[in-house]
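To start, the structure itself, in structure tokens.
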Amino acid sequence: MKIKMVDVGKQRIRVAIWPSDRQGGTPLLLINGIGGSIEVLRPFAEQLPNTEVIAFDVPGTGASATPVMPLRMGGLAKLVAGMLTQLGYGQVDVLGVSWGGALAQQFAHSFPGRCRRLILAATSTGLFAVPGDPRALWKLMSSSRFNDAESIVKHADTIYGGIFRKNPEYARQHMSEIVPPRTLGYLGQMYAIWGWTSVHWLFTVKQPTLIMVGRDDPLVPAVNGKIMKALIPNAELVELDCGHLFLVTQAEMAVPIVRRFLDERRSTAVQPALLPAAHSR
1 MKIKMVDVGK QRIRVAIWPS DRQGGTPLLL INGIGGSIEV LRPFAEQLPN
51 TEVIAFDVPG TGASATPVMP LRMGGLAKLV AGMLTQLGYG QVDVLGVSWG
101 GALAQQFAHS FPGRCRRLIL AATSTGLFAV PGDPRALWKL MSSSRFNDAE
151 SIVKHADTIY GGIFRKNPEY ARQHMSEIVP PRTLGYLGQM YAIWGWTSVH
201 WLFTVKQPTL IMVGRDDPLV PAVNGKIMKA LIPNAELVEL DCGHLFLVTQ
251 AEMAVPIVRR FLDERRSTAV QPALLPAAHS R
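Under full-length UniProt numbering, read the sequence shown as residues 1 to 281, first letter to last.
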């Protein structure tokens, strides 16, 4: 894993890149859930040795600077596009999990030429989605959960479901891999998604799309995956017997599905974006 700092306008972003063991292929951009730093998805990224993987700390999380003015989803999508350009990437595959799935949808919609394939994990259409368990959503609202290991162990089953219901101590290991977000950064991410929805334009998303949901997800009920599949023209849905954090807790189930989808020779409905020669890789 290579770590670098990238300046996009006045915003400094920490980026991690896992080089591929083979030449060619489309890089995979990972977009984390709310408050999550690069470290959260590191185990998942390391199980894709034949794919170049890019991950980053959303402004206000990890080692990325907290923006002076918070951005909405459209502004964050533009920031991601600028980051990719700075790094020299044209078209990428995009995987977004939870909150990051909303940003992934926005990026695919706003910059279709930059997104070849789209993977949406444990996410929804935003405002008009079927809501999760109120207890889980209430606990999610506070960034303090990242700073109190005992509290997260106590409430992990309520928030995340899945493996945490049988083994709440697993949450302690999960917490050890997280760089806690700053309060302003966390609030900025909440602001970005407040009132946001993709329900009125998802039908315009032409990229081949893989939707992955956990049947025991307290935060994002699995029915939201069925809604997105009905709205996205070229989508497939995979339901897993797990909770919200299945990319981390059950990567052995998720990785083969992701790898198969990325390697399919199904044609894409979008043309690759062209970068200026100075930025081409």
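Glycine included, every Cβ here is placed at the ideal spot set by N, Cα and C.
Quick check on residue i: buried or exposed, where buried means 16 or more other Cβ atoms within 10 Å of its Cβ?
| i | result |
| --- | --- |
| alanine 278 | Here the model assigns alanine 278 a pLDDT of 38, short of 50, so the residue's position is not dependable, and the following value carries that caveat. Under this definition alanine 278 is an exposed residue. |
| proline 19 | exposed |
| valine 92 | buried |
| proline 276 | Because the pLDDT of proline 276 is 49, which lies under 50, any placement of that residue in the model is unreliable, and the number read from its coordinates should be weighed accordingly. Label assigned to proline 276: exposed. |
| aspartate 164 | Looking at the sequence provided, one finds phenylalanine at residue 164 rather than aspartate. Phenylalanine 164 should be labelled buried. |
| glutamine 189 | buried |
| asparagine 167 | exposed |
| leucine 127 | exposed |
| alanine 129 | buried |
| alanine 102 | buried |
| isoleucine 3 | exposed |
| alanine 77 | buried |
| serine 280 | Residue confidence for serine 280 is low, a pLDDT of 41 falling below 50, so the modelled location carries little weight and cannot support an answer. |
| phenylalanine 261 | buried |
| proline 112 | buried |
| alanine 104 | buried |
| arginine 114 | buried |
| alanine 254 | buried |
Give the range of the alpha helix (DSSP H) segment to which residue i is assigned.
| i | result |
| --- | --- |
| methionine 69 | No alpha helix (DSSP H) contains methionine 69, which DSSP labels as neither H nor E. |
| glutamine 105 | 99-110 |
| isoleucine 193 | 183-193 |
| tryptophan 138 | 134-140 |
| phenylalanine 261 | 251-263 |
| valine 40 | 38-45 |
| residue 343 | This structure gives no information on residue 343, because the portion of the chain shown stretches from 1 to 281. |
| arginine 165 | 163-166 |
| alanine 230 | 223-231 |
My assumption, with CB atoms under 8 Å, is that residue i sits in contact with residue j. Please give the rounded CB distance.
| i | j | result |
| --- | --- | --- |
| serine 98 | isoleucine 34 | 7 Å |
| glutamine 207 | asparagine 234 | 7 Å |
| alanine 108 | valine 248 | Contact doesn't hold; Cβ gap of about 23 Å is too wide. |
| isoleucine 38 | valine 258 | Not quite, the Cβ-Cβ distance comes to about 18 Å (not below 8 Å), so this is no contact. |
| leucine 79 | leucine 87 | About 13 Å separates the two Cβ atoms, so there is no contact after all. |
| alanine 45 | valine 53 | 4 Å |
| phenylalanine 56 | valine 8 | Actually they are not in contact, since the Cβ atoms of phenylalanine 56 and valine 8 sit about 10 Å apart, beyond 8 Å. |
| valine 213 | glutamate 239 | 5 Å |
| valine 199 | methionine 83 | About 27 Å; that fails the 8 Å criterion. |
| glycine 25 | threonine 51 | 6 Å |
| leucine 140 | alanine 121 | Actually they do not touch by this definition, with Cβ atoms about 16 Å apart. |
Which residue marks the beginning of the beta strand (DSSP E) containing residue i, and which one marks its end?
| i | result |
| --- | --- |
| leucine 202 | Unbroken run through leucine 202: none, as it is neither H nor E. |
| alanine 22 | A quick correction: the sequence has arginine, not alanine, at residue 22. Looking at the DSSP string, arginine 22 is not in any beta strand (DSSP E), and its letter there is neither H nor E. |
| phenylalanine 56 | 53-56 |
| leucine 29 | 28-31 |
Pick from the options: whose alpha carbon is nearest that of residue i?
| i | options | result |
| --- | --- | --- |
| threonine 123 | Ile17, Val255, Asn32 and Pro112 | Asn32 |
| isoleucine 211 | Val248, Met1, Asp57 and Ile227 | Ile227 |
| proline 180 | Gln86, Gly100, Met1 and Gly60 | Gly60 |
| isoleucine 17 | Gln207, Ile257, Phe246 and Leu29 | Leu29 |
| aspartate 263 | Arg117, Val223, Val199 and Lys154 | Arg117 |
| arginine 172 | Val80, Gly82, Met83 and Glu150 | Glu150 |
| leucine 41 | Gln250, Arg260, Pro272 and Phe261 | Gln250 |
| alanine 136 | His155, Ala121 and Thr125 | His155 |
| proline 218 | Gly161, Glu239, Glu236 and Leu237 | Gly161 |
| alanine 222 | Leu202, Phe203 and Phe246 | Phe246 |
| methionine 73 | Asp21, Leu231 and Ile193 | Ile193 |
| isoleucine 159 | Tyr170, Thr183 and Asp133 | Asp133 |
| glycine 195 | Gly243, Thr125 and Val6 | Thr125 |
| lysine 10 | Thr197, Ile152, Val68 and Leu240 | Val68 |
| glycine 243 | Val255, Ala254, Asp216 and Leu95 | Asp216 |
| tyrosine 191 | His200, Cys115 and Gly75 | Gly75 |
DSSP beta-bridge partners for residue i?
| i | result |
| --- | --- |
| cysteine 115 | Val92 |
| glutamate 236 | Leu210 |
| glutamine 11 | Val8 |
| glycine 126 | Thr197 |
| leucine 120 | Gly96 and Ile211 |
| isoleucine 3 | Ala16 |
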